[in-house]
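Colleague: Under my numbering, the first residue of the sequence shown is numbered 399, with each subsequent residue one higher.
Every residue gets a Cβ at the ideal spot worked out from N, C-alpha and C, and that includes glycine.
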Amino acid sequence: MPSSFFLIDIFVKSFIAFMLIFVVYLYKKFSSLKVIISLLFVIYSCSWLYLVKTKHIILFNYAVGSVNSNSMSPALIKGDYLIYKKKDKNEVIKRGSIVSTTVVGQDQDGVIGIDKRVAGIPGDVIYICDYEVLVNGVFFYKEHKDLTDCLHVEKFELSKNSYYLLGDNKFSSYDSRFFGSVKFQDIDYIIIYKVSPNSDVTYF
399 MPSSFFLIDI FVKSFIAFML IFVVYLYKKF SSLKVIISLL FVIYSCSWLY LVKTKHIILF
459 NYAVGSVNSN SMSPALIKGD YLIYKKKDKN EVIKRGSIVS TTVVGQDQDG VIGIDKRVAG
519 IPGDVIYICD YEVLVNGVFF YKEHKDLTDC LHVEKFELSK NSYYLLGDNK FSSYDSRFFG
579 SVKFQDIDYI IIYKVSPNSD VTYF
């Protein structure tokens, strides 16, 4: 794990606590400037929320963001906070990793950012039967239906630098089943850990 990871880890976990302590200190030290101090706190808080919503780089190629849907549940739940690592040009993207990319929205009304799991890597054979997906003959989703009753069937091999992304929530995910495989250059970030609303930390 790079040393910069530990710096961003400490930064994310201590930011809010530091701000609260700082505000209390200012209140006691400069009681006559409460309005200005409150305004500064609001500005800092809004800046933090902006970073979270935009996956903005905050330190050493790491970014912070939040989960706004349950398409990756149970791994990622709406309300979780995430730490992203900017993908390097020589990055080896592993099967099972959770990555971030941008695609055309389901309603074709603009580009959206999504976080999905890497189900298939270059050279893998993908077989699709409606909502079911098999990667090299193995079901991606543990619970699946009989493949003898398929309305839509598709089979193909992932080309060089192509990745197949799926949401863990089979019936509530806009993923490669809809927009196809994603090129290496279109993957922006790799999720390295999450912080749940109850402060539990999960590393990926």
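Who are the Cβ neighbours of GLY503 in its own chain at under 6 Å, not counting the five residues just before and after it?
Modeller: Locating residue 503 in the sequence shown gives position 105, counting from the first residue. Result list for GLY503: ILE510, in chain order.
Colleague: Confirm, please, whether the CB-CB distance from LYS476 to ILE398 is below 9 Å.
Modeller: There is no way to answer for residue 398, as the model of the chain reaches only from 399 to 602.
Colleague: Can you grab the Cα-Cα spacing for the pair GLU530 / ILE419, in whole Å?
Modeller: Taking the first residue of the sequence shown as 1, we reach residue 530 at position 132. Taking the first residue of the sequence shown as 1, we reach residue 419 at position 21. For the pair GLU530 and ILE419, the Cα-to-Cα distance works out to about 51 Å.
Colleague: Tell me the DSSP secondary structure of SER402 in three-state form.
Modeller: On the sequence shown, residue 402 is found 4 positions in, with the first residue counted as 1. Here SER402 scores only 48 on pLDDT, less than 50, and its place in the model should not be relied on; the value that follows carries that caveat. DSSP places SER402 in helix when its eight states are reduced to three.
Colleague: Helix, strand or coil, according to DSSP, for SER495 in the structure here?
Modeller: Translated into positions along the sequence shown, residue 495 becomes position 97. Note: SER495 maps to coil in three-state DSSP.
Colleague: Below 7 Å CB to CB, which residues in the same chain sit around TYR591 once its five sequence neighbours on both sides are set aside?
Modeller: Numbered from its first residue, the sequence shown carries residue 591 at position 193. For TYR591, where only same-chain residues beyond five positions count, the Cβ hits under 7 Å are ILE481, VAL599, THR600, TYR601, PHE602.
Colleague: Nearest-angstrom Cα distance between ARG493 and LEU549?
Modeller: Stepping through the sequence shown from its first residue, residue 493 is reached at position 95. Stepping through the sequence shown from its first residue, residue 549 is reached at position 151. Between ARG493 and LEU549, the C-alpha separation is close to 28 Å.
Colleague: What residue from PHE554, LEU556, SER467, TYR587 has the CA that sits closest to LYS487's CA?
Modeller: Residue numbering aside, residue 487 sits at position 89 when the sequence shown is read from its first letter. Of PHE554, LEU556, SER467, TYR587, the residue nearest in Cα terms is TYR587.
Colleague: Tell me which same chain residues have a C-beta within less than 6 Å of the C-beta of LEU532, skipping the five on either side of it?
Modeller: Within the sequence shown, the letter at position 134 stands for residue 532. Excluding positions up to five away in sequence, the list reads TYR525.
Colleague: Should THR500 be labelled buried (16 or more other beta-carbon atoms within 10 Å of its own) or exposed?
Modeller: Counting from 1 along the sequence shown, the entry for residue 500 is found at position 102. It counts as exposed.
Colleague: Can you list, in chain order, the residues of its chain whose CB lies under 6 Å from that of VAL465, leaving out five sequence neighbours each side?
Modeller: The residue you call residue 465 lines up with position 67 of the sequence shown. Closer than 6 Å at the Cβ level, and outside the excluded window around VAL465, lie LEU474, LYS476, ASP478.
Colleague: Return the bridge partner residues of GLY463 from the DSSP annotation.
Modeller: Your numbering for residue 463 matches position 65 in the sequence shown. Paired residue(s): LEU480.
Colleague: For GLN583, which option in VAL536, VAL462, VAL490 has the closest C-alpha, if you only look at C-alpha atoms?
Modeller: Along the sequence shown, read from residue 1 onward, the residue named residue 583 stands at position 185. Ranking VAL536, VAL462, VAL490 by Cα distance to GLN583 puts VAL490 first.
Colleague: Going by CA-CA distance only, name the one from SER597, PHE577, LYS514, ASP544 that's closest to SER467.
Modeller: Along the sequence shown, read from residue 1 onward, the residue named residue 467 stands at position 69. Per the Cα distances, LYS514.
Colleague: Can you look up SER557 in the DSSP assignment and give me helix, strand or coil?
Modeller: Residue numbering aside, residue 557 sits at position 159 when the sequence shown is read from its first letter. Coil at SER557, not helix or strand.
Colleague: I'd like the list of long-range same chain contacts for PHE537, defined as Cβ closer than 6 Å, with 5 residues on each side in sequence excluded.
Modeller: One-based indexing of the sequence shown puts residue 537 at position 139. Nothing meets the Cβ criterion.
Colleague: Is it true that the CB of LEU563 sits closer than 9 Å to the CB of SER579?
Modeller: As a first step, residue 579 is located in the sequence shown; it is residue number 181 there, counting from the start. As a first step, residue 563 is located in the sequence shown; it is residue number 165 there, counting from the start. Closer than 9 Å, so yes.
Colleague: For LEU545, count neighbouring Cβ atoms within 10 angstroms of its own Cβ and tell me buried if that reaches 16, exposed if not.
Modeller: Here the question's residue 545 lines up with position 147 in the sequence shown. Under this definition LEU545 is an exposed residue.
Colleague: Exposed or buried, what is VAL516 when buried is set at 16 or more other beta-carbons lying within 10 Å of its beta-carbon?
Modeller: Position 118 of the sequence shown, counting from 1, holds the residue named residue 516. Per the 10 Å Cβ criterion, buried.
Colleague: Whose C-beta lies closer than 7 Å to the C-beta of ASP573 among residues of the same chain, with five residues either side of it excluded?
Modeller: For the purposes of this step, residue 573 is taken as the residue at position 175 of the sequence shown. Closer than 7 Å at the Cβ level, and outside the excluded window around ASP573, lie LYS514, LEU563, LEU564, GLY565.
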